[in-house]
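J.:
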Amino acid sequence: MFLHAHSGLRYLVLLFGVVCLGYALYGLLLRKEYTPRMMKLATLFAVMIHIQFLSGFAVLLSGRFSPALTGHIFMTLMAAAVAQVVSSIMRRKPQEERTYLPHVIGTAVALALVSGGILSIGRGILGSAG
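Per my numbering, the very first residue in the sequence shown carries number 2; after that it's consecutive.
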């Protein structure tokens, strides 16, 4: 049960990541003023990765650990950290100092780590086999 939920959640993580990255690129390339919507999207993306990490932890507790999962776990943890750090840093900056560039870079790195984590266990990013 946990494995299927964990596996399916990756689509939501990827969806939120692509939306977040798209919005950040849109704001950056068109030199838009930074909006609270960007912060909300970045926060939702970070929350989705955290939920994914916790669901993966539930899978581990259900007895499905193997040494081959070490890279998968590490990459997911790093993706969660990157997404969280960007949101946390931008939240602490005054509104007039916030820009889209950290979101573009952080979201792209987090998505690359998520994708690498999925591929590291032999799964396709959008399918069951790589």
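We put the CB at the ideal spot given by N, CA and C, even for glycine.
To the nearest angstrom, report how far apart M49 and F17 are at their CA atoms.
T.: Taking the straight line joining both Cα atoms gives about 8 Å.
J.: Just to confirm the assignment, what range does the alpha helix (DSSP H) spanning S63 have?
T.: S63 -> no alpha helix (DSSP H), and no H or E assigned at all.
J.: Are the CB atoms of L114 and M76 within a distance shorter than 7 Å?
T.: Yes. Within cutoff.
J.: Anyone know if the C-beta pair for A6 and S56 falls short of 7 Å?
T.: Closer than 7 Å, so yes.
J.: Can you name, in chain order, every residue of its own chain whose Cβ lies under 8 Å from the Cβ of V86, other than the five neighbours on each side?
T.: The answer, listed in chain order, is G107.
J.: DSSP three-state call for T45: helix, strand or coil?
T.: Checking the sequence shown, residue 45 turns out to be Leu, not Thr. Correct three-state label for L45: helix.
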